[in-house]
Amino acid sequence: MRNRIAALLVTLTAATAVTTVALPASAAEYGITAVVTTFQSDHRFGDAVTYDPDLVPVGSLVGVATVTEEEGMVTELKVRGLVPDREYGAHVHVNPCGATGDDAGPHYQHVRDPKQPSTDPAYANPENEIWLDFTTDAQGAGEARSEVAWSFGDRRPASVVIHEHRTSTAEGKAGTAGARLACVDVSF
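If you count by mature numbering (1 follows the signal peptide of the UniProt record, and there is no 0), then the sequence shown holds residues -27 to -1, 1 to 161, one letter each, in order.
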């Protein structure tokens, strides 16, 4: 599984002048979903929107890919053109992107916390959610990987949100990562 997703993202993120790239419908039968696109200033004009262009500039690139197999899922996120040498948080969210970051709803949780928004570390953790925190390099590129021992099933998320800072694991703050800076729709 690791080799398939690595090869997929290398291929998808090789193009830097991409508007939107998605896999053919037949990829889903192999448990693969992916999108590569650029952040826009308005969610109506593409698959990715920035809510804070100072931290996630318009035109910066994002790629998300997931491979699902019997033993679970691997999800990878790659970005280019963000602020250099900066930490960001990122998570899979339940709803598609919208006019504001709040439109993406809460984090997708394999086992849902009955109390939302979830800050209980028993639910808000990288084994029950898909956390994709990353640090950009000197050129503003970054990447993250999540491996979980479950798959989405009938209940599917719809987006990945990039947050202001790394995700907290502290009691009462677990899963929080600050403001929602940008969002990309993904057909998981």
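Positions of the beta carbon are idealized from the N, C-alpha and C atoms, including for glycine. Please read all numbers here as calculations on a predicted model, not as lab measurements.
Could you spell out where the beta strand (DSSP E) holding residue i opens and where it closes?
i: residue 154; result: 153 to 158
i: residue 33; result: Per DSSP, residue 33 belongs to no beta strand (DSSP E) and is neither H nor E.
i: residue 162; result: Any answer about residue 162 is impossible in this case: the structure gives the chain only from -27 up to 161.
i: residue 14; result: Neither: residue 14 is in no beta strand (DSSP E) and is coded neither H nor E.
i: residue 60; result: 60 to 66
Just grab the DSSP bridge partners of residue i for me.
i: residue 103; result: The partner list for residue 103 (beta bridge, DSSP) is empty, contrary to what the question assumes.
i: residue 52; result: 35 and 115
Check this for me: beta carbons of residue i and residue j, under 9 Å apart or not?
i: residue 132; j: residue 156; result: yes
i: residue 12; j: residue 40; result: no
i: residue 141; j: residue 152; result: no
i: residue 130; j: residue 81; result: yes
i: residue 62; j: residue 128; result: no
Go ahead and label residue i buried or exposed: buried means 16 or more other beta carbons lie within 10 angstroms of its beta carbon, across all protein chains shown.
i: residue 108; result: exposed
i: residue 84; result: exposed
i: residue 49; result: buried
i: residue 95; result: exposed
i: residue 146; result: exposed
Any Cβ of chain D within less than 9 Å of the Cβ of residue i?
i: residue 139; result: No chain D appears in the structure shown, which is made up of a single protein chain.
According to DSSP, is residue i helix, strand or coil?
i: residue 7; result: strand
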